[in-house]
Every structure is written in structure tokens, then in C-alpha cells.
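In the working numbering, the protein residues as written are 1 to 163.
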């Protein structure tokens with residue numbers, strides 16, 4: 001793909017810096033693509049195709065076909081053009097659906113009924129705190145069994161009560 005990008009720049013007589021500026025991307029991005037450090041990202045490809053609508057997307061992606069889109073050739077049949085025009089677009093379908101949709105009064109009554117029966121769970125009163133009595137148990141009394149003192153000269157002394 002980097003070779004095809006180079007061909008685009010050559011045919012448009014653009015330097016890499018001017019090409020990057022025309023695509024509104026960083027110059028380093030184009031430099032990295034041309035040097036083989038990075039592959040072109042989807043953003044770069046879409047910017048090339050939007051800024052240069054005469055470049056054939058199939059050629060840019062796969063290298064097959066011509067570099068530039070060709071005009072509708074005179075030998076193309078009228079049926080191909082009619083098929084292209086007969087395809088519905090998204091917005092015409094939505095407008096037709098809106099014109100054909102009819103809301104019944106039964107549905108609107110159900111909506112009113114639902115609005116009236118909304119339960120507001122956030123208005124509940126907070127529960128009162130549970131008063132619990134904490135009982136402390138006394139531990140059995142402990143007695144000293146032995147005390148050991150360690151000295152810096154690695155000696156120790158042990159003391160036991162009652163001796």
C-alpha cells in the first residue's frame with residue numbers, strides 16, 4: 001500500500017509534507033508509512049479517499065484496477081443506471097414508514113395508564129437504625145511464663161517468675 005500512496009503523491013505532484021497537510025494528518029504519520037515503520041491506518045486510508053474522491057478505493061486497498069475512477073463509460077447499459085437509481089436510500093425509507101404509521105387510540109390509552117401507575121421507589125423513608133447492644137467479654141487473666149533478654153554479644157538470659 002505504501003507504493004500506491006507514493007504513486008498518488010507522484011501523480012498529484014505532492015511532497016510528503018504537502019500530502020500530509022492536504023489530508024490534515026501529521027507529517028510524521030506519512031513519513032513513517034513511506035519509510036515502512038508503520039502501515040497506513042484506517043483513518044489515513046479514509047482521509048485519502050475523502051480528500052481525493054477520484055482515487056479508486058479498490059485500487060488503493062488491493063492494487064487491482066485503475067488508480068483513478070473512470071467516468072461511466074458510454075458502453076454501460078441503461079439498465080445498470082436504472083438499477084443504481086432504483087436502490088432505496090435510508091432516509092426515503094424512514095419518511096415512508098413515518099407516513100404509513102398510524103397510532104391507534106388504544107395504544108395512547110395504554111400509555112396514559114402506564115404513566116399514572118409509575119411507582120416512585122426513591123421516596124421511601126429510610127429504615128431506622130437497628131439498636132444492638134454490644135457486650136464485651138473479658139478474656140481470662142494471663143500470667144507471665146518466661147522473659148528472655150537478648151544481648152548484642154549474642155548471649156541471652158531467661159527469667160521465669162517465682163525463681
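Where is the CB? At the ideal position from N, CA and C, for every residue including glycine.
Remember, it's a predicted structure, so these values are computed and weren't measured experimentally.
| Item | Value |
| --- | --- |
| Residue nearest to residue 54 in terms of C-alpha spacing, selected from 48, 32 and 69 | 69 |
| Cβ neighbours of residue 30 in the same chain (closer than 7 angstroms, five flanking residues each side left out) | 16, 19 and 20 |
| Pairwise C-alpha distance: residue 67 and residue 36 | 21 angstroms |
| Element boundaries [beta strand (DSSP E), containing residue 138] | Taken as a continuous stretch (DSSP letters only), residue 138 belongs to no beta strand (DSSP E), as it is neither H nor E. |
| Residue 23, buried or exposed, once every other Cβ within 10 Å from all chains shown has been counted against 16 | buried |
| Range covered by the beta strand (DSSP E) that runs through residue 157 | 156-159 |
| Cutoff 6 angstroms; reference residue 173; Cβ partners in own chain excluding five residues on either side | As displayed, the chain neither begins before 1 nor continues past 163, which places residue 173 out of reach and without an answer. |
| Opposing strand residues paired with residue 167 [DSSP bridges] | A question about residue 167 goes unanswered here, because the residues of the chain that appear run from 1 up to 163. |
| Rounded straight-line distance, which links the Cα of residue 152 to that of residue 161 | 24 angstroms |
| Cα-Cα separation, residue 158 to residue 141 | 23 angstroms |
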